[in-house]
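*Asks:* In the numbering used here, the protein residues as written are 7 to 202. Below you will find the structure I want to go over with you.
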Ligand SMILES: [Zn+2]
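Here is the structure:
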């Protein structure tokens, strides 16, 4: 970008000697977000999250994806997941994904962390959508990249705008969010067995 030699003081913040207040600085930032790609975003609230989604663009992107990454990979973990996908996905997450335009059979980046010393087996997989995160629940936990919250003793759902593993069919249509599913196999049974 080419800047004029003498900058307009209205666009310089007070602490740098201009006349722009922090509040106006934020408004300008919001304005630039508003005028860049003007997308028909719909706001969706879910479990304390506020998300924006372009459902039409998300559906069009999924239509371009031929198969899930697990169907293409076909390693032992991916085959186990393919056979159990609908069992592992929490019904509330499934209902949300329908509203977002996500196809649950076209996940990406499945990882199985295998049973740990306590027999806890963690499945982790992603679904992209075209949209933005407006706000996360106050109670959300974070693993550094993804903020997430529990839907049950054995299922958590998170969202991140750092969607580096997501393909071109999504990124070419606008800003991308990846929803991340965590299924903690055996956790519900353990919670039920513990004396309360
Ligand atoms: Zn695999």
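Just so you know, even glycine gets a beta-carbon here, dropped at the ideal spot from N, CA and C.
Residues in the same chain with beta-carbon distance under 6 Å from residue 125, minus the five sequence neighbours each way, listed in chain order, please.
*Replies:* Mapped onto the chain shown, residue 125 falls at position 119. Contacts found: 192.
*Asks:* Any residue with its Cβ nearer than 5 Å to a heavy atom of ligand 1 should be included. What is that list in chain order?
*Replies:* Spelled out in chain order, the answer is 79, 81, 84.
*Asks:* Could you check whether the stretch 54-61 touches the stretch 137-153, counting it as contact only if at least three pairs of C-beta atoms, one from each stretch, sit closer than 8 Å?
*Replies:* Taking 8 Å as the limit for Cβ pairs, the verdict is that the stretch 137-153 does touch the stretch 54-61.
*Asks:* Tell me the rounded alpha-carbon separation between residue 105 and residue 155.
*Replies:* Locating residue 105 in the chain shown gives position 99, where the first residue counts as 1. Locating residue 155 in the chain shown gives position 149, where the first residue counts as 1. Those two C-alpha atoms are separated by around 19 Å.
*Asks:* From residue 166 to residue 67, what does the alpha carbon distance come to, in whole angstroms?
*Replies:* Here residue 166 refers to the residue found at position 160 when the chain shown is read from its first residue. Here residue 67 refers to the residue found at position 61 when the chain shown is read from its first residue. Computed Cα separation, rounded: 18 Å.
*Asks:* If we count Cβ pairs, one from each stretch, closer than 8 Å, do we get three or more for the stretch 172-189 versus the stretch 125-134?
*Replies:* In short, these stretches touch, since the Cβ pair count reaches three.
*Asks:* Look at residue 31 and residue 19 and say whether their C-beta atoms are less than 8 Å apart.
*Replies:* Within the chain shown, the letter at position 25 stands for residue 31. Within the chain shown, the letter at position 13 stands for residue 19. Taking 8 Å as the Cβ cut-off, residue 31 and residue 19 qualify as a contacting pair.
*Asks:* Would DSSP call residue 123 helix, strand or coil?
*Replies:* Within the chain shown, numbered from 1, the residue matching residue 123 stands at position 117. Coil.
*Asks:* Considering residue 197, what are the terminal residues of the alpha helix (DSSP H) in which it resides?
*Replies:* Working through the chain shown from its first residue, we reach residue 197 at position 191. 193-199 is the extent of the alpha helix (DSSP H) around residue 197.
*Asks:* Roughly how many whole angstroms lie between the Cα atoms of residue 7 and residue 153?
*Replies:* Within the chain shown, numbered from 1, the residue matching residue 7 stands at position 1. Within the chain shown, numbered from 1, the residue matching residue 153 stands at position 147. Residue placement at residue 7 is flagged as unreliable, the pLDDT there being 49, under the threshold of 50; a coordinate-derived value is accordingly withheld.
*Asks:* As a quick exercise: from 163, 179, 161, 162, pick the residue whose alpha carbon is nearest that of residue 46.
*Replies:* For the purposes of this step, residue 46 is taken as residue 40 along the chain shown, with counting starting at 1. The shortest C-alpha separation from residue 46 is found at 179.
*Asks:* For the beta strand (DSSP E) containing residue 49, name the first residue and the last one.
*Replies:* Numbered from 1 along the chain shown, position 43 holds the residue referred to as residue 49. 48-52 is the span of the beta strand (DSSP E), which, as asked, contains residue 49.
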